[in-house]
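Visitor: Here it is: the structure, laid out below.
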Amino acid sequence: MIRVLIADDHAVVRQGLRTYLELQEDIEVVGEAADGQAAIDVAGRTAPDVILLDLAMPDRDGLGALPRLRELGRVIVLTSFGEDDRLFAALRGGAVGFLLKDTEPAELARAIRAAHAGQSPLSPAVAARVIDQLAQAGRPRAIDQLTPREREVLRLLADGLSNKRIARELGVAEKTVKTHVGHVLAKLELTDRTQAALYAVREGLDG
């Protein structure tokens, strides 16, 4: 039997999950909790194999309880929220899976079995976000494609300098500056100097 703890602050959600999971021959719901601290306490008493954890709970929320809960069972985050910051914070915090509450009941049962078997169940929408994040992490940032001189031109753009002022600052011809600005816009896929200035501020190049 796979021992499951349900941690969610909505009683109706807990009851619905319990009712469905107890229909499964290989799953036993060993406890419920309405906040993060209660989840830690109940998990300590019941030794669950898998913990279904909502993130948005009062008092100690799911993210706050996660570091301790991961020591007490394999944690699947089950939440209404799909924001990237919560998703990656939960995965970094030790959750082995992340499902949205609109997941089909049969899929939830499969996810519990998968987590118990040492796998990492993710809902399709969440898996797509993780893959996209990993793909982006493997690509060089656009700003890294700029030469040192182009980065300097971008920094001066962010300071609001005209091409003439930039040329004077760098000791080069204004025509050369215009060429550099064109290269910067092309490499960063921007359309004008204003966008370039905003980009530079966002990357901390201003000042």
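In terms of this note's numbering, the sequence shown opens at residue 1486 and continues consecutively. All residues carry an ideal CB built from backbone N, CA and C; glycine is no exception.
Please say whether L1690 and R1636 have beta carbons closer to each other than 8 Å?
Guide: Taking the first residue of the sequence shown as 1, we reach residue 1636 at position 151. Taking the first residue of the sequence shown as 1, we reach residue 1690 at position 205. Yes, the pair counts as a contact, with Cβ atoms nearer than the cut-off.
Visitor: Quick one: what's got a C-beta closer than 7 Å to A1523's C-beta in the same chain, skipping five residues either side?
Guide: For the purposes of this step, residue 1523 is identified with residue 38 of the sequence shown, where counting begins at 1. Nothing meets the Cβ criterion.
Visitor: By a C-beta neighbour count over all protein chains shown, 10 Å radius and 16 as the cutoff for buried, is E1517 buried or exposed?
Guide: By one-based count along the sequence shown, residue 1517 stands at place 32. Answer is buried; the Cβ neighbour count reaches 16.
Visitor: Just the Cα atoms here: how many angstroms apart are A1550 and A1575?
Guide: Sequence index remark: in the sequence shown, residue 1550 carries index 65 (1-based). Sequence index remark: in the sequence shown, residue 1575 carries index 90 (1-based). Their Cα atoms are separated by approximately 10 Å.
Visitor: Pull up the distance between the alpha-carbon of R1678 and that of V1669, whole angstroms please.
Guide: Locating residue 1678 in the sequence shown gives position 193, where the first residue counts as 1. Locating residue 1669 in the sequence shown gives position 184, where the first residue counts as 1. Answer to the nearest angstrom: the Cα atoms are 10 Å apart.
Visitor: Looking only at its chain, what residues have a beta carbon closer than 8 Å to the beta carbon of L1490, apart from the 5 residues adjacent to it on each side?
Guide: One-based indexing of the sequence shown puts residue 1490 at position 5. Cβ within range, chain order: V1514, V1515, G1516, E1517, A1518, A1524, V1527, A1528, T1531, P1533, V1535, I1536, L1537 and G1558.
Visitor: The beta strand (DSSP E) spanning G1582 covers which residue range?
Guide: Working through the sequence shown from its first residue, we reach residue 1582 at position 97. Its beta strand (DSSP E) spans residues G1582 to L1585.
Visitor: Taking 8 Å as the threshold (C-beta atoms), are V1560 and L1540 in contact?
Guide: The sequence position of residue 1540 within the sequence shown is 55, counting from 1. The sequence position of residue 1560 within the sequence shown is 75, counting from 1. No; because the gap between Cβ atoms is not below 8 Å, this pair is not in contact.
Visitor: Check the C-beta distance from A1600 over to P1606 and give it rounded, since I have them as a contact under 8 Å.
Guide: Counted from its first residue, the sequence shown places residue 1600 at position 115. Counted from its first residue, the sequence shown places residue 1606 at position 121. About 6 Å separates the two Cβ atoms, so the contact holds.
Visitor: Out of D1587, I1628, L1631 and I1597, point me to the one whose CA is closest to A1610's CA.
Guide: Stepping through the sequence shown from its first residue, residue 1610 is reached at position 125. A1610 has its Cα closest to that of D1587, out of D1587, I1628, L1631 and I1597.
Visitor: Expressed to the nearest angstrom, what Euclidean distance is found between the alpha-carbon atoms of L1548 and G1667?
Guide: For the purposes of this step, residue 1548 is identified with residue 63 of the sequence shown, where counting begins at 1. For the purposes of this step, residue 1667 is identified with residue 182 of the sequence shown, where counting begins at 1. The straight-line gap from Cα to Cα measures roughly 46 Å.
Visitor: Starting from L1563, follow the beta strand (DSSP E) in both directions and report where the run begins and ends.
Guide: What you label residue 1563 is simply residue 78 of the sequence shown in a count that begins at 1. Counting along the chain, the beta strand (DSSP E) containing L1563 begins and ends at R1559 to T1564.
Visitor: Compare the Cα-Cα distances from A1685 to each of L1655, E1654, E1659 and D1629 and report the closest residue.
Guide: Position 200 of the sequence shown holds residue 1685. The option with the nearest alpha carbon to A1685 is D1629.
Visitor: For L1641, which of helix, strand or coil comes out of DSSP?
Guide: Start at 1 with the first residue of the sequence shown, and residue 1641 comes out as number 156. In the structure shown, L1641 sits in a helix (DSSP, three-state: H, G or I).
Visitor: Confirm, please, whether the CB-CB distance from L1646 to E1654 is below 8 Å.
Guide: Your numbering for residue 1654 matches position 169 in the sequence shown. Your numbering for residue 1646 matches position 161 in the sequence shown. Yes, the pair counts as a contact, with Cβ atoms nearer than the cut-off.
Visitor: Report yes if the CB atom of D1546 is closer than 8 Å to the CB atom of G1582, and no otherwise.
Guide: One-based indexing of the sequence shown puts residue 1546 at position 61. One-based indexing of the sequence shown puts residue 1582 at position 97. Not a contact, by the Cβ cut-off of 8 Å.
Visitor: Can you pull the DSSP bridge partners for R1488?
Guide: Taking the first residue of the sequence shown as position 1, residue 1488 is located at position 3. DSSP, once it has assigned bridges, lists E1513 as partnering R1488.
Visitor: Below 8 Å on the Cβ atoms is my guess for A1596 versus L1584; work out the distance and round it to an integer in Å.
Guide: For the purposes of this step, residue 1596 is identified with residue 111 of the sequence shown, where counting begins at 1. For the purposes of this step, residue 1584 is identified with residue 99 of the sequence shown, where counting begins at 1. A1596 to L1584, Cβ: 6 Å. Contact.
Visitor: So, helix, strand or coil for L1694, using DSSP?
Guide: Examination of residue 1694 is not possible in this model, given that the chain is present from 1486 through 1692 alone.
Visitor: Among R1626, T1632 and S1565, which residue has its Cα nearest to the Cα of S1608?
Guide: Taking the sequence shown and counting its residues from 1, one reaches residue 1608 at position 123. Answer by Cα proximity: S1565.
Visitor: Excluding the 5 residues preceding and the 5 following A1627 in the sequence, name in chain order all residues of the same chain whose CB lies nearer than 8 Å to its CB.
Guide: Sequence index remark: in the sequence shown, residue 1627 carries index 142 (1-based). Result list for A1627: K1672, L1673 and E1674, in chain order.
Visitor: Starting from I1536, trace the alpha helix (DSSP H) both ways and give me its first and last residue.
Guide: Working through the sequence shown from its first residue, we reach residue 1536 at position 51. Per DSSP, I1536 belongs to no alpha helix (DSSP H); it is in the beta strand (DSSP E), V1535 to L1538.
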